[in-house]
Amino acid sequence: MGIFARLAALIKSNINDLISTAEDPEKMLNQVVIDMQNQLIEAKKQVA
9 MGIFARLAAL IKSNINDLIS TAEDPEKMLN QVVIDMQNQL IEAKKQVA
């Protein structure tokens, strides 16, 4: 593995770690619930 490939892998892993720590599971779950509620409203409008 070349130096640049190793450096790229290191940068990718650090970015993934930053994203993982920035995500708040509770906030993400709340957003999923809101999205699903909005989809349900739209589905009811289309059926009516």
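FYI, in the working numbering the residues of the sequence shown are 9 to 56.
Beta carbons are placed, not taken as given, at the ideal position from N, Cα and C, and that holds for glycine.
At the level of alpha carbons, what is the spacing between residue i and residue j?
i	j	result
I23	V55	44 Å
V41	A13	40 Å
A16	A30	21 Å
I27	K35	14 Å
D32	D25	13 Å
When DSSP labels each residue in this structure, what does residue i get in the three-state scheme?
i	result
D43	helix
E31	coil
A16	helix
A51	helix
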